[in-house]
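*Asks:* This structure is in structure tokens; I'll ask about it shortly.
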Amino acid sequence: NILQRMREVGIQSANDTNNNQDRTNLQAELDAMIVEIDRIAGTTTWAGANLMDATTTAFSFQVGAATGAKNQISVTLNQMNATGLGVQKAAIDIETDLISRLAAVHEIDHAIEAVNIQRSKLGAVSNRLNHTVNNLTNISSNLSAAKGGIEDADFALETTNLAKNQILQQASTAMLAQANASKQNVLSLLQG
13 NILQRMREVG IQSANDTNNN QDRTNLQAEL DAMIVEIDRI AGTTTWAGAN LMDATTTAFS
73 FQVGAATGAK NQISVTLNQM NATGLGVQKA AIDIETDLIS RLAAVHEIDH AIEAVNIQRS
133 KLGAVSNRLN HTVNNLTNIS SNLSAAKGGI EDADFALETT NLAKNQILQQ ASTAMLAQAN
193 ASKQNVLSLL QG
């Protein structure tokens, strides 16, 4: 938005209906916007690193369990302050003459193009990170389901073993009861 407004001011300054005071006022507005671009670039940080002043030019995000480049997503950042965009005060002079005004608009157009290119690159990385998050979510769900299946399978095995042991115990008890009953029958025949 700032660069778009700078372009509008640059085009407005090229209009011959402006007098010197109008152009001085327009230059002051441009200068204020240049200062704001530098302020934004100087204060935009992530994880303690400045993102737009070229002190940090790349980030890598670990997106998988294994190490190596295949499990990393890298982001490359360009210098997005006024100097990096080519719109520093020395390059944007709309007070001098028509050629300077048109050159200023040309530099601002290049800056807008540079910002659009950086935005498209960041958008592509953002989409890639979103797809990676979705993939990792699917992997996590599949691992949870597999773990549950393994735990359920162990529970089923233990339940089967318990039932088998209970049947064996009941059969043993029944056999002991019959053995005791047989002894009693033999004893009563002998006695009587």
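According to the working numbering, the sequence shown is numbered sequentially starting from 13.
We treat Cβ as the ideally placed atom computed from N, Cα and C, and that holds for glycine.
Out of Gly98, Phe73, Ile104, which has the shortest C-alpha to C-alpha gap to Thr88?
*Replies:* Looking at the Cα atoms, Phe73 is the closest of the given residues.
*Asks:* Can you tell me where the beta strand (DSSP E) holding Gln74 begins and where it ends?
*Replies:* Taken as a continuous stretch (DSSP letters only), the beta strand (DSSP E) holding Gln74 covers 70-74.
*Asks:* So, using beta-carbon positions, are Val145 and Arg19 closer together than 8 Å?
*Replies:* Taking 8 Å as the Cβ cut-off, Val145 and Arg19 do not qualify as a contacting pair.
*Asks:* For Asp50, I'd like the list of residues in its chain whose CB is within less than 6 Å of its CB, leaving aside the five on either flank, ordered along the chain.
*Replies:* Result list for Asp50: Asn93, Ala94, in chain order.
*Asks:* Who does Asn62 pair with in a DSSP beta bridge?
*Replies:* Looking at the DSSP assignment, Asn62 forms a beta bridge with Thr57.
*Asks:* In whole angstroms, what is the alpha-carbon distance linking Ala189 and Asn150?
*Replies:* The alpha-carbon atoms of Ala189 and Asn150 are separated by roughly 58 Å.
*Asks:* Which residue from Leu134, Asp109, Thr185 puts its Cα closest to that of Arg35?
*Replies:* When each option's Cα is compared against that of Arg35, the closest is Asp109.
*Asks:* Per DSSP, what kind of secondary structure is Val99 in: helix, strand or coil?
*Replies:* Of the three classes helix, strand and coil, the one that applies to Val99 here is coil, per DSSP.
*Asks:* Under the DSSP definition of a beta bridge, which residues are partnered with Ile111?
*Replies:* DSSP output for Ile111 lists no bridge partner at all.
*Asks:* Applying the 10 Å Cβ sphere with the 16-neighbour rule, what's the burial state of Gln84?
*Replies:* Answer is exposed; the Cβ neighbour count stays below 16.
*Asks:* Determine the extent of the beta strand (DSSP E) in which Gln16 is found, giving its start and end residues.
*Replies:* Per DSSP, Gln16 belongs to no beta strand (DSSP E); it is in the alpha helix (DSSP H), 14-25.
*Asks:* Could you have a look at Gln84 and say whether DSSP puts it in helix, strand or coil?
*Replies:* Strand at Gln84.
*Asks:* Report the rounded CA-to-CA distance for Met64 versus Ala53, giving the unit in angstroms.
*Replies:* Roughly 5 Å separates the two Cα atoms.
*Asks:* Short of 7 Å in beta carbon distance, which residues of its chain neighbour Ile106, apart from the five on each side in sequence? Order them along the chain.
*Replies:* Excluding positions up to five away in sequence, the list reads Gly22, Ser25, Arg35, Leu38, Gln39, Leu42, Ser112, Arg113, Ala116.
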